[in-house]
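Colleague:
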Amino acid sequence: MAIHSMTAFARSQVRVNERLSYVLSLKGVNHRFLDLQLRMPSGLDALEMELRRILKENLLRGHIDLTLQIDRQNQQRTGYNRELVAAYVESFRAAREEFALAGEPDLNVIFRQSGIFDADSRTNSDEDLVALEASVRESISPLIAEFKSMRAREGASLEENLNATMDRLTIAVAGVAEIRPEVESRYQARLMDRLTAAVGSTFDRQRVLEEVAVLVERSDVDEEMERLTTHIGHFREILTAGGEAGKKLDFLLQEMNREANTLLSKTGGAGGKGTRITELGLSMKAEIEKAREQVQNAE
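Remember, our numbering sits 1066 above the position in the sequence shown when you count from 1.
What follows is the structure, given as structure tokens:
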């Protein structure tokens, strides 16, 4: 099972009947948890609760926007209560004259008032509401399937990029391992030369060698490379396993970054080929940082 991206979009346009159609869309971006935002017309509270439950059952993480846009085409076909409209218009004009105001009645506002349309229209509206809710319930599952399919495609691309990053990190670790013995040998020789120059030839050579060995051991990066190799392997295992992997991958990258920092701190003054280790350590940090940005989008 591959990892899934949290970025995706899906849209469904449905005609319920000759008077009513709607557009149902899902948009997802990255988020630490599952954050649902539903934008729906008023009066659909029960449907909204049901859609929220379905989304929670099917999605793990991400900021999810669900939008329902309704297109009603019944105004031209339905009658309206002429007396009630006339009363609204007359009241508007009376208030305008009484208070010396400007403006004209707005039919869009008047037609939104309760009771404007005739009984047949209200009956159609009730029937349309039932048909709308039933249609949305049928549409939500295939819409989520399309949404998750896009998440899977984006996740496959993300997995490919992350595996390429792990390849480059592996090469960098191997590069450090290859030149480390020579760097340690040169580091030990430099310490001996400095000590000899400082105290002359009359000193306890065995004691100095022991002290040099301690200093060299403190600069040894073998443990850091072993841990980096282990983290890289574990990272690949999580990618292969898939599922809710984003938080685990982010944690591993934090650990890798810590090891890279330690490697740099131990080899900063090595000189010679030690500068190559510094270059490799900095490239590791750059790769890890890019991977952390990408992982933020993994479910």
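The beta-carbon is built from N, C-alpha and C at its ideal position, and this holds for glycine as well.
1. Can you tell me where the beta strand (DSSP E) with A1076 in it begins and where it stops?
2. What are the residues that DSSP puts in a beta bridge with T1133?
3. Is the Cβ-Cβ distance between N1323 and I1354 less than 7 Å?
4. Considering only the alpha carbon of each residue, which of L1092, L1167, R1162 and V1239 lies closest to P1008?
5. Residue ranges of each alpha helix (DSSP H) run of no fewer than 4 residues wholly in the segment 1303–1343, ordered along the chain?
6. For the segment 1152–1203, list the alpha helix (DSSP H) runs that are entirely contained and at least 4 residues long, ordered along the chain.
7. Within the same chain, show all residues whose beta-carbon is closer than 8 Å to that of A1074, passing over the 5 residues directly before and after it, in chain order.
8. Spatial neighbours of L1315 within its chain, please: C-beta separation below 7 Å, excluding the five flanking residues on both sides.
9. Can you have a look at T1341 and say buried or exposed, based on whether 16 or more other CB atoms are within 10 angstroms of its CB?
10. For L1132, tell me which candidate among P1107, E1149, E1163 and R1148 has the shortest Cα-Cα distance.
11. Where E1226 and T1328 are concerned, what is the direct C-alpha to C-alpha distance, given to the nearest angstrom?
12. Nearest to S1349 by alpha carbon, out of E1084, L1224, L1090 and I1237?
13. Note down, in chain order, each residue of its chain lying with its Cβ closer than 6 Å to the Cβ of V1089, except the 5 sequence neighbours on either side.
14. Could you tell me which of E1199, S1331 and L1102 sits nearest to N1124, measuring between CA atoms?
15. Looking only at DSSP bridge pairs, what is A1364 linked to?
16. Using C-beta distances below 6 Å, list every residue in its chain close to R1077, excluding the 5 sequence neighbours before and after it, in chain order.
Modeller: This is what the structure gives:
1. The sequence position of residue 1076 within the sequence shown is 10, counting from 1. It spans A1074 to N1083 - the beta strand (DSSP E) in which A1076 sits, taken as one unbroken run.
2. In the sequence shown, the residue the question calls residue 1133 occupies position 67. Answer by DSSP bridge pairing, in chain order: S1091 and R1105.
3. Taking the first residue of the sequence shown as 1, we reach residue 1323 at position 257. Taking the first residue of the sequence shown as 1, we reach residue 1354 at position 288. Yes, they are a contact pair.
4. In the structure as shown, the chain begins at 1067 and stops at 1365. Residue 1008 is therefore absent and cannot be evaluated.
5. 1312–1333
6. 1173–1176
7. For the purposes of this step, residue 1074 is taken as the residue at position 8 of the sequence shown. These residues qualify, in order along the chain: L1092, K1093, G1094, F1213, K1214, M1216, R1217 and E1220.
8. As a first step, residue 1315 must be located in the sequence shown, where it is residue number 249. Taken in chain order, the residues that qualify are F1301, I1304, V1361 and A1364.
9. Counted from its first residue, the sequence shown places residue 1341 at position 275. Exposed: under 16 other Cβ atoms inside 10 Å.
10. By one-based count along the sequence shown, residue 1132 stands at place 66. The residue with the shortest Cα to Cα distance from L1132 is P1107.
11. Taking the sequence shown and counting its residues from 1, one reaches residue 1226 at position 160. Taking the sequence shown and counting its residues from 1, one reaches residue 1328 at position 262. Approximately 28 Å, taken between the alpha carbons.
12. Taking the sequence shown and counting its residues from 1, one reaches residue 1349 at position 283. For the residues E1084, L1224, L1090 and I1237, the minimum Cα distance to S1349 belongs to I1237.
13. Looking up residue 1089 in the sequence shown gives position 23. For V1089, where only same-chain residues beyond five positions count, the Cβ hits under 6 Å are Q1079 and Q1135.
14. Start at 1 with the first residue of the sequence shown, and residue 1124 comes out as number 58. Checking every option, the nearest Cα to that of N1124 belongs to L1102.
15. Indexing the sequence shown from 1 puts residue 1364 at position 298. Paired residues: S1071.
16. Here residue 1077 corresponds to residue number 11 of the sequence shown, with the count starting at 1. Excluding sequence neighbours, R1077 sits near S1091.
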